[in-house]
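Participant:
Protein chains: 4
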Amino acid sequence: MGKNTTIQALRTEARREQVLDAATKVFAKKGFHKATIKQIAGEAEVADGTIYNYFADKTDLLLGLLDRINETNQRQGHFIEAGKGDFETFFRTYLEHRMNVLRDNLALFQAILPEVMVNESLRERYYETIVAPTYRVAEDYFKALQANGTIKPLDTQLLMRVISSTLLGLLISSLLGDEAVQEAWERLPTVISEIVLRGLLP
Amino acid sequence: MGKNTTIQALRTEARREQVLDAATKVFAKKGFHKATIKQIAGEAEVADGTIYNYFADKTDLLLGLLDRINETNQRQGHFIEAGKGDFETFFRTYLEHRMNVLRDNLALFQAILPEVMVNESLRERYYETIVAPTYRVAEDYFKALQANGTIKPLDTQLLMRVISSTLLGLLISSLLGDEAVQEAWERLPTVISEIVLRGLLP
Amino acid sequence: MGKNTTIQALRTEARREQVLDAATKVFAKKGFHKATIKQIAGEAEVADGTIYNYFADKTDLLLGLLDRINETNQRQGHFIEAGKGDFETFFRTYLEHRMNVLRDNLALFQAILPEVMVNESLRERYYETIVAPTYRVAEDYFKALQANGTIKPLDTQLLMRVISSTLLGLLISSLLGDEAVQEAWERLPTVISEIVLRGLLP
Amino acid sequence: MGKNTTIQALRTEARREQVLDAATKVFAKKGFHKATIKQIAGEAEVADGTIYNYFADKTDLLLGLLDRINETNQRQGHFIEAGKGDFETFFRTYLEHRMNVLRDNLALFQAILPEVMVNESLRERYYETIVAPTYRVAEDYFKALQANGTIKPLDTQLLMRVISSTLLGLLISSLLGDEAVQEAWERLPTVISEIVLRGLLP
DNA sequence: AATGAATGAGAATTCATTCAT
DNA sequence: TATGAATGAATTCTCATTCAT
Chain A
180 MGKNTTIQAL
190 RTEARREQVL
200 DAATKVFAKK
210 GFHKATIKQI
220 AGEAEVADGT
230 IYNYFADKTD
240 LLLGLLDRIN
250 ETNQRQGHFI
260 EAGKGDFETF
270 FRTYLEHRMN
280 VLRDNLALFQ
290 AILPEVMVNE
300 SLRERYYETI
310 VAPTYRVAED
320 YFKALQANGT
330 IKPLDTQLLM
340 RVISSTLLGL
350 LISSLLGDEA
360 VQEAWERLPT
370 VISEIVLRGL
380 LP
Chain B
180 MGKNTTIQAL
190 RTEARREQVL
200 DAATKVFAKK
210 GFHKATIKQI
220 AGEAEVADGT
230 IYNYFADKTD
240 LLLGLLDRIN
250 ETNQRQGHFI
260 EAGKGDFETF
270 FRTYLEHRMN
280 VLRDNLALFQ
290 AILPEVMVNE
300 SLRERYYETI
310 VAPTYRVAED
320 YFKALQANGT
330 IKPLDTQLLM
340 RVISSTLLGL
350 LISSLLGDEA
360 VQEAWERLPT
370 VISEIVLRGL
380 LP
Chain C
180 MGKNTTIQAL
190 RTEARREQVL
200 DAATKVFAKK
210 GFHKATIKQI
220 AGEAEVADGT
230 IYNYFADKTD
240 LLLGLLDRIN
250 ETNQRQGHFI
260 EAGKGDFETF
270 FRTYLEHRMN
280 VLRDNLALFQ
290 AILPEVMVNE
300 SLRERYYETI
310 VAPTYRVAED
320 YFKALQANGT
330 IKPLDTQLLM
340 RVISSTLLGL
350 LISSLLGDEA
360 VQEAWERLPT
370 VISEIVLRGL
380 LP
Chain D
180 MGKNTTIQAL
190 RTEARREQVL
200 DAATKVFAKK
210 GFHKATIKQI
220 AGEAEVADGT
230 IYNYFADKTD
240 LLLGLLDRIN
250 ETNQRQGHFI
260 EAGKGDFETF
270 FRTYLEHRMN
280 VLRDNLALFQ
290 AILPEVMVNE
300 SLRERYYETI
310 VAPTYRVAED
320 YFKALQANGT
330 IKPLDTQLLM
340 RVISSTLLGL
350 LISSLLGDEA
360 VQEAWERLPT
370 VISEIVLRGL
380 LP
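Protein chains in written order, with this note's numbering: chain A, 180 to 381; chain B, 180 to 381; chain C, 180 to 381; chain D, 180 to 381.
1. Three-state secondary structure (DSSP) at Tyr231 (chain B)?
2. For His212 (chain B), which residues in chain A fall below 7 Å Cβ to Cβ?
3. Under a three-way DSSP split, which group does Ala214 (chain D) fall into?
4. I want to see whether chain C comes within less than 9 Å of Lys217 (chain D), judged by CB atoms only; does it?
5. Need the endpoints of the alpha helix (DSSP H) that Pro332 (chain C) sits in, please.
6. Using a Cβ-Cβ cut-off of less than 9 Å, list which residues of the region 260-289 of chain C approach chain D; keep chain order.
7. Below 8 Å on the Cβ atoms is my contact criterion, and I expect Asp200 (chain C) with Ile216 (chain C) to pass it. Report the Cβ-Cβ distance as a whole number of Å.
8. Closer than 7 Å by beta-carbon distance: list the chain B residues that pair up with Gln336 (chain A), in chain order.
9. Verify the CB distance criterion: does Ser344 (chain C) have a CB-CB separation below 9 Å to chain D?
10. Kindly indicate which three-state DSSP category Val297 (chain D) falls into: helix, strand or coil?
11. DSSP three-state call for Pro312 (chain B): helix, strand or coil?
12. Answer yes or no: does any C-beta atom of chain B fall closer than 9 Å to that of Thr185 (chain A)?
13. In the DSSP assignment, the alpha helix (DSSP H) including Leu274 (chain D) goes from what residue to what residue?
14. Whole angstroms are fine: how far does the CA of Thr191 (chain D) sit from the CA of Lys182 (chain D)?
15. Rounded to the nearest angstrom, what separates Gln289 (chain A) and Ala311 (chain B) at their Cα positions?
16. Could you confirm whether any beta carbon from chain A is found closer than 9 Å to the beta carbon of Asn298 (chain B)?
17. Going along the region 300-320 of chain A in order, which residues come within less than 9 Å of chain B, judged by CB to CB distance?
18. Assuming Val360 (chain B) and Leu349 (chain B) are in contact, meaning their beta carbons sit under 8 Å apart, how far apart are those beta carbons, in whole angstroms?
19. Run through chain B and tell me which residues come within less than 7 Å of Val295 (chain A), C-beta to C-beta.
20. For Met180 (chain C), I'd like the list of residues in its chain whose CB is within less than 6 Å of its CB, leaving aside the five on either flank, ordered along the chain.
21. At 8 Å on the CB atoms, spell out the chain B contacts of Leu333 (chain A), in chain order.
22. Looking at C-beta atoms only, is the number of pairs between the region 367-380 of chain D and the region 326-341 of chain C that lie closer than 8 Å three or more?
23. Could you tell me which of B:Gln325, B:Glu358, B:Ser353, B:Gly210 sits nearest to Leu380 (chain A), measuring between CA atoms?
24. Under a three-way DSSP split, which group does Pro381 (chain A) fall into?
25. Measure from the C-beta of Ala226 (chain A) to each C-beta in chain B and report whether the shortest distance is under 9 Å.
26. Quick one: grab the DSSP three-state call for Gly356 (chain A).
27. So is Pro332 (chain A) buried or exposed if we call it buried at 16+ other beta carbons inside 10 Å?
28. So which of B:Asp236, B:Phe266, B:Asn279, B:Ala188 has the shortest CA-CA distance to Ile330 (chain B)?
29. Say whether chain C places a C-beta atom closer than 9 Å to the C-beta of Gly221 (chain D).
30. Any idea what DSSP makes of Gly181 (chain D), helix, strand or coil?
31. Helix, strand or coil for Glu224 (chain B) per DSSP?
32. With a threshold of 9 Å between beta-carbons, can Ile230 (chain B) be considered close to chain A, or not?
33. Is Met180 (chain D) close to chain C, meaning its C-beta is less than 9 Å from at least one C-beta of that chain?
34. Looking at the structure shown, is Asp319 (chain D) part of a helix, part of a strand, or coil, going by DSSP?
35. 9 Å is my cut-off, CB to CB: does Ala326 (chain B) come that close to chain A?
In structure tokens:
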């Protein structure tokens, strides 16, 4: 029965994922409110009612998606510590990684962000789960860089905000359909790195 | 009768504004979909039906808000040409202006952006009305700067995207409740200017 | 002032007619319920509110149209007495007259009949105003014909109903879009007369 | 599961009928436009929303009713071929049948006709579904009768239209509240048969 | 657990009618 | 009298959620 329970749990988990995949697709395409449970159920190839065996309500699906982003983040989180050697290379590589994560989860972000911008409790959870941890990891790192003179002494908090907001802003520009951003996505880490590290002035 | 017509027109315009103000408030607070016509009408202190004398439907209210942003933009648009003297000062002042506009229209953006991210036809109109004109004005300016060696030769398109995405990203961070961004809003132009013009490296 | 009053009255009457003309058109095209006061006002080139200076409410417009049919009927009513000479000719001419009236008021009937079929108080008024008077006039006439042996002794009531129902039915077939009926309208009196007077059997 | 599916299908069909019955009643009483979904749902003893599980919208209910008339017609359709023996008897019996069908579906016709008179797309469907098939069946029959001299040579198209319009007209007279027609309904086939076959002239 | 029909609260929208100008 | 903006009751339709099977 122990084994049975495990199988059960796996099946349950698989079903959850199946529904979340469907939700990602439908939310991204239609937006949270215009997406219907029927559509998600259809996409997931289950009955409407089945969804309620795995999620309390429609909003709970969004929380499930938030957790997914969180997992992705944590998987990538180690990376920042792996940065060795020359800072410039590290920084560009870091940007590449972050931007790849964003691109790979475009649909996920398109599904979540609009609703997060509008739903207060979701907003808090988003900030605590997704945003704050990133800053916590990065803050010490930037402070160390400043301490050993690798980068200029600037308000660390704001520095981090500006950099991550740039990425967020580019993501949203992409979501809003800016083709220049979409097409140059691969080159952007280099461009950003050049601007942010050396500046526009000659 | 000419006078009468004018009074009529003024009254009509005032009523439109009254409704758009209410819509801004309610959309920003509840989001486009959870906001109801009843709530907006209540906030505007008119009957539900009155709204439909001025706007074809709920979505048309959003278009009305888009036009408002557009007007704000156009009023500010001249500014960039007014930039004389030293580029560094100009750039910082430009950022200050843009960020003040963003802050002053925070509710407006909070009302519009989430729906724009999700509604394709709105997205197109948003891009054409709000985004593209900004780029058109800025592009020539940046090219001139590069031509006379004031700034490094970089892909103008991407440069503009990175800068405006930074502002957009900060706006959204602010909307998402990032207190550090909210509190430092005044100082951000200086910080961004320092980073973007001179870079992080010492 | 007496003259003034007369002019006033003429103007009022003209305006009423103007509105009724518009109502006929719009009701016929859209049906009573889908027709809006705004549309009728637009067609009549008056303001919405003006209509309420001449008619108590939307249904009252229908009553106005009923009265119009009634007037038409009365103008034609004398005709039946004018019938002299050979009965066969008279009958055919009578049918021609009735059918011309129907055809000339096609829009009017299309506007009224559907609503009369559904609105009880209108139905009663329709019957009393339009239908019953016709029968009253015709009944004596047919009885006389039977008395002098011009036509067979049949239940006069039913005979009249059958004949007028045939006309009503053809009108409605026409309204329902039956092209054969529409195209043959001119020939129908002859056909009907032949059938009704001499029968199908050889 | 096959059995289960069948039970399901039966239940579904029963529910559809239940809703159509209710719609017939309410449409006939109030007319299509004044009838509300709430009333129909109440009459059918289901929730408002349930109706939309079976019909796309309010108009689709009317189409459902049209199909019902169509079925009735088809069930009766064979009859005309069953006509053997003496034509006079056949004709009278045929009229009896048709008029019984009309009477038995009085509410149905009252529900449908007014809207059909006003709604173009419904009108086309009505003609194609209900009217045209009848004529197609009857046309050959009448031609045969003329060929073998049973009836006079008259324009078949018009002959059919006149006869069926008479029935339609009587139906509508009945719907409009003509008591003489209502009361004499049983005798009408005999009267019509006498008139149409032998004529009014002695 | 899975199903999907039933539910009914809730929202957008329409439009006859009123009434201040 | 004429106007047409304002009103708000009324209606259709949607869809998250429940629950009997």
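No residue lacks a Cβ here, since even glycine has one placed at the ideal position from N, Cα and C.
Facilitator: On the basis of the supplied data:
1. coil
2. His212
3. coil
4. no
5. Element bounds for Pro332 (chain C): n/a, residue is neither H nor E.
6. Phe266, Glu267, Phe270, Gln289
7. Their Cβ separation, rounded to whole angstroms, is 15 Å, which puts Asp200 (chain C) and Ile216 (chain C) out of contact at 8 Å.
8. Ala359
9. yes
10. coil
11. helix
12. no
13. 266-283
14. With a pLDDT of 48 at Lys182 (chain D), under the threshold of 50, the predicted position of this residue should be treated as unreliable, though the coordinate-derived value follows. Their backbone Cα atoms lie some 14 Å apart in a straight line.
15. 21 Å
16. yes
17. Arg302, Glu303, Tyr305, Tyr306, Val310, Tyr314
18. 6 Å
19. Leu355
20. Confidence at Met180 (chain C) is low in this model, with a pLDDT of 45, below 50, so the placement of that residue should be treated as unreliable; the coordinate-derived value is given next. Correct list: empty, nothing qualifies.
21. Val370, Glu373, Ile374, Leu379
22. yes
23. B:Gln325
24. coil
25. no
26. coil
27. exposed
28. B:Phe266
29. no
30. Bear in mind that a pLDDT of 39 at Gly181 (chain D), under 50, signals an unreliable position, so the model cannot answer this.
31. coil
32. no
33. For Met180 (chain D), the pLDDT reaches just 40, beneath the cut-off of 50, and the residue's location in the model is therefore unreliable, although a value from the coordinates is still provided. Chain C contact via Cβ: absent.
34. helix
35. no
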